[in-house]
Every structure is written in structure tokens, then in C-alpha cells.
Amino acid sequence: MADEMEDKLVLRMRRMLGEWLAREDWEPRQLIDWLQGYDLPPVGHDEEPYLWLLRGLPIANERHQAETRLACRVAKVLEGKPDKSSPGTRPDEVLYNLFMLAAGLGCPHQLTNPLYEIFERGVLKGKWLGVDLRQALQAALILNQLDNRLQPVWESMVERGEHDFLPGNEYDGLEGLRLMPESEATLGEPALDAIGKALRNMASHLNQEPDRRQQFRSLIAKVLETYPGRPSWNIDLVQQADKYQWPVWAVECLPSLYIPLKDQLCESDRAMVWHYILACVPESHKYEVITELCEGYVLDVKMSEEVSNFVQFIAPVFEQARLNNPYSSDRSVIAVVAGAMSQVELLATIQDAHEAITAIRQARRRILGRAGVEPDLDALGEAIQKIAEWCESERNREYRARILIKAAIQIYPMLDLKRQAKERRWPSSAVALLKKVA
Amino acid sequence: MPPVFGRNFPNPHPYDNVIATWRSSTEPEDHAMARNLMHDHRVSQERERAFDKLVPPSPTARNLQHAIVDYFKTKVRTRKLPHYVYTALNATNLLTGQGPSHPVINKDLKLVRVLDLNRLGLVYQWAMNWRNKKREWKRSFAKFPTAPNDDQIAKWLDDEIGGGSEKQQEQLVATVLDMINTYSPKHPFQPTWATTWSAFEPHERLGPDRWLQVLGMANPSSRWVMLLRYTVREAGTIARPTLLDAGWYADHFPSPPQAPLVVGGHPMDLRISPRATHLLPEYIHKQIQHSLKHWTDIGGKIGRTTAPNPASLADQRRTHHELLTRVYGPGVHTWMDNPM
Numbered sequence: 001m002a003d004e005m006e007d008k009l010v011l012r013m014r015r016m017l018g019e020w021l022a023r024e025d026w027e028p029r030q031l032i033d034w035l036q037g038y039d040l041p042p043v044g045h046d047e048e049p050y051l052w053l054l055r056g057l058p059i060a061n062e063r064h065q066a067e068t069r070l071a072c073r074v075a076k077v078l079e080g081k082p083d084k085s086s087p088g089t090r091p092d093e094v095l096y097n098l099f100m101l102a103a104g105l106g107c108p109h110q111l112t113n114p115l116y117e118i119f120e121r122g123v124l125k126g127k128w129l130g131v132d133l134r135q136a137l138q139a140a141l142i143l144n145q146l147d148n149r150l151q152p153v154w155e156s157m158v159e160r161g162e163h164d165f166l167p168g169n170e171y172d173g174l175e176g177l178r179l180m181p182e183s184e185a186t187l188g189e190p191a192l193d194a195i196g197k198a199l200r201n202m203a204s205h206l207n208q209e210p211d212r213r214q215q216f217r218s219l220i221a222k223v224l225e226t227y228p229g230r231p232s233w234n235i236d237l238v239q240q241a242d243k244y245q246w247p248v249w250a251v252e253c254l255p256s257l258y259i260p261l262k263d264q265l266c267e268s269d270r271a272m273v274w275h276y277i278l279a280c281v282p283e284s285h286k287y288e289v290i291t292e293l294c295e296g297y298v299l300d301v302k303m304s305e306e307v308s309n310f311v312q313f314i315a316p317v318f319e320q321a322r323l324n325n326p327y328s329s330d331r332s333v334i335a336v337v338a339g340a341m342s343q344v345e346l347l348a349t350i351q352d353a354h355e356a357i358t359a360i361r362q363a364r365r366r367i368l369g370r371a372g373v374e375p376d377l378d379a380l381g382e383a384i385q386k387i388a389e390w391c392e393s394e395r396n397r398e399y400r401a402r403i404l405i406k407a408a409i410q411i412y413p414m415l416d417l418k419r420q421a422k423e424r425r426w427p428s429s430a431v432a433l434l435k436k437v438a
Numbered sequence: 439m440p441p442v443f444g445r446n447f448p449n450p451h452p453y454d455n456v457i458a459t460w461r462s463s464t465e466p467e468d469h470a471m472a473r474n475l476m477h478d479h480r481v482s483q484e485r486e487r488a489f490d491k492l493v494p495p496s497p498t499a500r501n502l503q504h505a506i507v508d509y510f511k512t513k514v515r516t517r518k519l520p521h522y523v524y525t526a527l528n529a530t531n532l533l534t535g536q537g538p539s540h541p542v543i544n545k546d547l548k549l550v551r552v553l554d555l556n557r558l559g560l561v562y563q564w565a566m567n568w569r570n571k572k573r574e575w576k577r578s579f580a581k582f583p584t585a586p587n588d589d590q591i592a593k594w595l596d597d598e599i600g601g602g603s604e605k606q607q608e609q610l611v612a613t614v615l616d617m618i619n620t621y622s623p624k625h626p627f628q629p630t631w632a633t634t635w636s637a638f639e640p641h642e643r644l645g646p647d648r649w650l651q652v653l654g655m656a657n658p659s660s661r662w663v664m665l666l667r668y669t670v671r672e673a674g675t676i677a678r679p680t681l682l683d684a685g686w687y688a689d690h691f692p693s694p695p696q697a698p699l700v701v702g703g704h705p706m707d708l709r710i711s712p713r714a715t716h717l718l719p720e721y722i723h724k725q726i727q728h729s730l731k732h733w734t735d736i737g738g739k740i741g742r743t744t745a746p747n748p749a750s751l752a753d754q755r756r757t758h759h760e761l762l763t764r765v766y767g768p769g770v771h772t773w774m775d776n777p778m
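Here it is as C-alpha cells:
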């Protein structure tokens, strides 16, 4: 039954590779032949031999041992200086497949050193079907890192978009750093500082891109997916953003800007919070800023239980709005925040939280005013008064006037027309119209 | 002694020992390769001579396998003008585009091919190099894996196609076609296998698993495939394939001498139950430039296959052999008495 779930040629490949791996008297020649398509089952030529060798590895519990054994043999071939000796009938094909096999195996204990020696010799050249062999070596180096010896290489790619020998760009450099341990002792753990610095440089590269937020979020997501389940990720990223002075838009791409520190520091009333969220906290509610991070855009705060509950209540609205913002500009964030504040105000209104409503309105006016997008409410009120008076002479204008007034109220919920009507002494017909709209 | 390329001369033939070795193997694929070598009459004497240059005298099975691989890689796949387009080597298999004579088949006849997106790992990798990369490709390839293996390419395609809207799918298809169009003139990857749209159309609605089965394309793992339709005119020189154009590939099955040249070859249907009742034509041509229209004109057909085909190669070959016999008569048995 199990065999029916596998391709027949894959099963044959497994038998063949298994028999060869079990032999003690193996020769590098056989591996080289396989890597140029010789002696494989009749699998066709649409795919490169290294893929068939990887398919030939057993699954489940036998895989690790087979991978290690094959990696040792790949290492042996690499130690034979194939970059200088040009093995096989088609050396470029052999080398491409050899490096890609090494990359697919990802066994740094066996492969880091021989791959690094080839890198250090710096004589590798050639292409297989258009793919630069150094690109294949680069893939093998990225996926077989035992320590941080290649950090300067990856950093050069991230910073300059190139390297003197390897053909990588900034994305390849980030790949290298994403998968690089700081040392053999920390294998399997992210090199936080290197990643934080690289992400800052990536943000610089992406700065002018129209979809910079989406691109940057996806880079962060890839880093996070590499080391899943790490509880401190959100804090680590904020600290890296602070340490390496990420631009504000990049900070706004972080997966969380409301990070309760309960789990990490056992302080239930402490959190890292986006400053816009804290701006909505009523003045009578107290909190203490312990540290300003990312130029004050994120605050490490100690809060009373009341503030903590309030922030916890409103933060998801802000987080959702921020993470769904598809636009690249800074002004788009203002719009997103103002929108979130309107939603939060609505929630506060439902709960009759008058102090919160006032605080949220003030905060919104502040950020809109600072961004230069706050409307002149008095002028707007005056215009609406004129519209109301204009439709007094002709009843059929009333419908259009009602639509205009309604739209103004919806766009600017802070527009207090009732107050303005009273202060400006609107004519009774205009007040009547206002009542109808309300 | 057994025939070689459907001919009984010279007798004995230098490949006799190889055929005997493959026929005594316990692996069904070796039997299939032996039979194909014995009966593929479509390999002309001129082509056989060109192939023989890569075969040492008195070859072993290993030598001949190496020669088949070498011939395919050096004389077919990587050549701008692969051997099969030359009249001097392959006159008996050429249908159109080989000279001033009237084409055998209508030049506006619609052809269709299946493009397997999972198999383009090397092209993607080429495109990832910043020296080759176009700005338009950047977005689609932002998450492409560093070392593309089966799982990683599958995951990337699942994310890009499976998780995307129709517009995103179209964008990825446009990107892939642009990439292939840019890659192929510099780095030929021959041949392209095709059938006629009219023969394929009844199978189209049965979905991607069936697309691959009916065209004899084995798939070791689940993959994303799409259909491209174009005309004979666009394809240029069209030829009937031979085993030398398939290389070291056991799912190829030669067509019998009774089959007229116009139908090309016949792909072996990998599904054995229910059995196929019709044979599809099979042609090869050089890579061509594909436009998005080739995909959208038939409604943008793209899909993911599910599982490898469970049927055994021996059963598949017997079933195909029986269908050939039903269509072309008992003469098929005279040509090939046993498919295994």
C-alpha cells in the first residue's frame, strides 16, 4: 500500500541509492556519473539529476542517517577540488548538480568546510544551462553554515547588492544571514544582530518601492518562519529595529506593536506599545514610560491595571489596521490610524466611556493636525450653512443638500454642526434640514 | 538476433549484448528501453550513424545508456537547431517547415502542450540571478527558494498560484512565459512536445492529472501544470519524435510503421483503467516564444495534480500496445510482438 503512494521511479531510485550508501567500498566516480545523468533509472531529462538523488533519499526515520552518509560522500567529492579538476564528461553539469545536491542536503557538519574551501580558492567558473556555477555554490554555502564565517560576505551583498566573487544580491545576502548561526554552539538559532542590521539595509533598498510595506513584511515573515515558536520574536524585532535605527515605515511593518511583557518579564502591567495606541489613553489614566524605542514610535510602558485593560481593548483595532495598510506613504499610516481611532471611538461610545471618547477625539485631531490633513471645521460648517440656505428657495434641491451634509458628517465625525448652527444662528429652515439629516 | 531501430541489419548488431542485458533485468524500465531500442523504426540510418559516434565499439549496457544521455544532452536539448529538424538526419519524420514543399498538415491547425511549472526550477534559478532578472519578475520571485527542491518549489507555487486571485495567477503565468521566452533563445531546452487541440480537448475538462496521463508525462510528485495552445504555423518545423528525442525515458513508446506520418507519434496513456479508446497524435518542435494569449485563448487552464500514477509500467505498455493493435491491426504484432 505504501509503495502505491510513491512514484515507481522514485522507489527504484531509493533502492539504488540505498544499496550504494550501504556499500563501504564506494567510489566518488559513481556519484559524479549520477550527477551528469549517467546510470540513473530512465527518468527523462526534464529535471536535473540532483533532484532525483534527493528523491532517492528514504523517508521517515531512515532519512537522517542516509542524508548524513550521502553528505559525507558529497564532502569527499568536494575535497577532491572539483572546481580545479573538472570532473566528468560535462564538468559544469557535475558541479552544478554537486552544489545543488549539497544545498538540498543541508548538512553543515559535513559540508561547511569543503564548500568554504572552494569559496576561498575563488577559481570556480562556468555555467550550466545558463546558471552560473557560483550561484549554485552560493546556494550550497547558504544552506550549509556551521558558524558566522561568511557574515562579511552576506553583509557585503546586503549593503552593496553584490559581492566580488559570488553573484548574489541583497536578497541572497539576507538569505545567507537568515540561515546563519552565530556559532556552532548556537546552530538552529537566529543571528539576531546580523538579521536586524540586514533588515535595516533592506529597508533602505526598498524605501522608494511602491509596495515597500508588503515586501518588507514578507521579508520579516520569512525570517520568522525560519525559527517558528520563538516566544521572544516580537520583542527581539522591536529591539533590533531600535538598535539599528530602522526607518519608521519599516517599524510599522513589524508583526506586533502591542507586546505585553507578561510572559517574558512576568510583569503583567508592562508592554511595548505603538505610540498611537497610547495617545488614546485618557489623561487621568496613568502610565510610566520606561524606555522610548524606535525614536519614540514604540514605548516600553508600565501601566496601571485600568490602562492595561484599556490598551488591551483597543490595540487589536490598531494592529489590524496597521498590518492591512497596503499603501507605502507615511500619510497612509495617518489615515489608517485616524480610521482605527474612529472605530475605537465607536466602541467607547457604545460603552459610554466619555473620558475615553474625549481622549480619542483629541488624539485624532492632534495627528490629523500634525499631518496637515485636519479640516477647517468652521469653514466647513459655514459652507454647509450656505448649502442649507441655498436649498430653502427650491424644495427639489433639498435631496442633494442632504446627501452633501450627510457625507460631510460621515467623513468628519468631529464636525459638530449642532454647535455651529447655534453659534452662527442658522435660519430655522437650515436647522430643520440639519435635523432631518441627523 | 533482435532488430535494432526496427532494422535487422547489421546482424549481429553491436547493441545485441546491451539489449540482452536490459531484457534480462529485473527492472521493467530496462525492458521498456530495450523494446524501444529494438523497434523504433523512426530512427533513420543517418540519425543512427550520428548517434553511433557517441557509442564505443562493443558497448556495454552502461556505455549505451551514457551515449543515449550524451546524445540527448548535446545533440537535442542544448542545440539551437536540434538534430530532429535537419532533413539530412531526420527527413522521414518531418511534417512541416523543412523546405519549399507543401506542408503535410494545415498550418493553422491548433496544437496544445502542457507546461509543467514545477519542472522549471533551473529556469527560475537562472532568472533569480540579478544579472538576468527583470524588474517585472521581482515581485513573483520574492519568495523563491534559495535551493529549489521538490517541496520548496511546490510550496512556492502553492503560495503564488494556489493562494492567489485569478489576476495574480495571470500575472505569474505572464511572468513565467516572459522568463522562458527570455531564457530559451540564449539557452535552448529542446524539444517541445505537443498534440493537436482537437484530440486533447475531450480530456481537458478532466483536469490536470488527466492532462499528464494522456500525454504520457510521469510525475513523481504533485505539480502545477498549465495548457498552452498555438498553431502549427507558430511552431515552425514539426517532427515525429523518436526515442533519441525522448532520451533516457521509459515512458516513451514508439509508434508502429502502420501509423501515418501526419499523426506523428502516439503518447502512451498512463491511465489503464478505464482504458483509452483513442490515440492522440504526438509531435515535437523547437521551443517557441509563447504569448499570454496562448494561455488565455483556451480560458487560462492551470491546475495542480494530486498523486503519482499507481499503474505499473508493464501494464501501461501492454494496454498501449493493445490499443495500437486495435487501431492499426495485427501488423503491430509483427512490428513489436511484446511491449516488455
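These protein sequence lines are chains B and P, in that order. Taking this note's numbering, the leading residue of the first sequence gets 1, the next gets one more, and so forth. Taking this note's numbering, the leading residue of the second sequence gets 439, the next gets one more, and so forth. Cβ atoms here follow ideal geometry from the backbone N, Cα and C, with glycine treated the same way.
Query                                                                                                                          : Result
Range of the contiguous beta strand (DSSP E) that encloses Pro-260(B)                                                          : 258-260
At least 3 beta-carbon pairs within less than 8 Å: the segment 83-96 of chain B vs the segment 109-116 of chain B              : no
The segment 25-43 of chain B: positions lying closer than 9 Å to chain P by Cβ                                                 : Asp-33, Gln-36, Gly-37, Tyr-38, Asp-39, Leu-40, Pro-41, Pro-42, Val-43
Contacts of Gly-130(B) in chain P (Cβ-Cβ under 7 Å)                                                                            : Trp-564, Tyr-621, Lys-624, His-625
Cutoff 6 Å; reference Val-251(B); Cβ partners in own chain excluding five residues on either side                              : Ala-241, Cys-294, Tyr-297
Residues near Ala-203(B) by beta carbon distance below 7 Å, same chain, minus five either side                                 : Phe-216, Trp-246, Pro-247, Ala-250
Cut-off 7 Å between Cβ atoms - residues of its own chain near Leu-751(P), not counting five sequence neighbours on either side : Pro-466, Glu-467, Ala-470, Ala-688
Every unbroken alpha helix (DSSP H) within the segment 81-169 of chain B, with a cutoff of 4 residues, ordered by chain        : 82-85, 91-105, 108-121, 133-143, 151-160
6 Å Cβ shell around Leu-444(B) - same chain, five flanking residues per side excluded                                          : Residue 444(B) is absent from the structure shown; chain B starts at 1 and stops at 438.
The segment 311-321 of chain B / the segment 277-287 of chain B touching (three or more Cβ pairs under 8 Å)                    : yes
Span separating the alpha-carbon of Arg-270(B) from that of Gln-320(B)                                                         : 21 Å
C-beta atoms of Val-74(B) and Leu-31(B) nearer than 9 Å                                                                        : yes
Cβ pair Pro-495(P), Ala-505(P) closer than 9 Å                                                                                 : no
Close Cβ partners of Thr-763(P) (< 8 Å) along its chain, the five nearest in sequence each way excluded                        : Val-770, His-771
Three or more C-beta pairs below 8 Å linking the segment 180-194 of chain B and the segment 573-590 of chain P                 : no
Nonlocal neighbours in the same chain, by C-beta distance under 7 Å from Val-402(P), ignoring five residues either side        : Residue 402(P) cannot be examined here, being either before or after the span of chain P that is shown, 439 to 778.
Inter-residue spacing [alpha-carbon to alpha-carbon] between Glu-486(P) and Ala-677(P)                                         : 17 Å
9 Å Cβ cut-off: residues of chain P touching Leu-54(B)                                                                         : Asn-587, Asp-588
Residues that Ile-740(P) bridges to, as DSSP identifies them                                                                   : Met-664(P)
Residue burial classification, Tyr-399(B) (beta-carbon count within 10 angstroms, cutoff 16)                                   : exposed
Nearest-angstrom Cα separation, counted from Thr-349(B) out to Gly-433(B)                                                      : Checking the displayed sequence, the identity of residue 433(B) turns out to be Leu instead of Gly. Rounded to the nearest angstrom, the two C-alpha atoms are 25 Å apart.
C-beta neighbour in chain B for Phe-691(P), strict 9 Å                                                                         : no
Where the segment 501-514 of chain P meets chain B: residues whose CB sits under 8 Å from a CB there                           : Gln-503, His-504, Val-507, Asp-508, Phe-510, Lys-511
Contact residues within the segment 62-94 of chain B, judged by C-beta distance below 9 Å to chain P                           : Thr-89, Arg-90, Glu-93
Beta-carbon gap between Asn-528(P) and Thr-680(P) smaller than 9 Å                                                             : yes
Interface residues of chain B facing Met-471(P) [CB-CB closer than 8 Å]                                                        : Pro-42
In chain order, each alpha helix (DSSP H) run of at least 4 residues that lies wholly inside the segment 387-419 of chain B    : 398-411
Proximity winner among Asn-97(B), Pro-58(B), Ile-59(B), Ser-328(B), relative to Gln-563(P) (alpha-carbon distances)            : Asn-97(B)
Per-residue DSSP class, three states only, for Val-481(P)                                                                      : coil
Inter-residue CB distance, Val-442(P) and Leu-475(P) (contact presumed, cutoff 8 Å)                                            : 6 Å
Whether Asp-172(B) touches Ile-142(B) by CB criterion (9 Å)                                                                    : yes
Helix, strand or coil at Met-272(B) [DSSP, three-state]                                                                        : strand
Of the listed residues Leu-555(P), Pro-450(P), Asp-683(P), Pro-768(P), nearest to Lys-724(P) (C-alpha basis)                   : Asp-683(P)
Per-residue contacts from Arg-331(B) into chain P (C-beta, under 8 Å)                                                          : Those do not exist, as Arg-331(B) stays about 23 Å from chain P at its closest Cβ, beyond 8 Å.
Cβ-based burial, Glu-423(B) [other Cβ within 10 Å; buried from 16]                                                             : exposed
Trp-52(B) beta carbon less than 9 Å from that of Trp-34(B)                                                                     : yes
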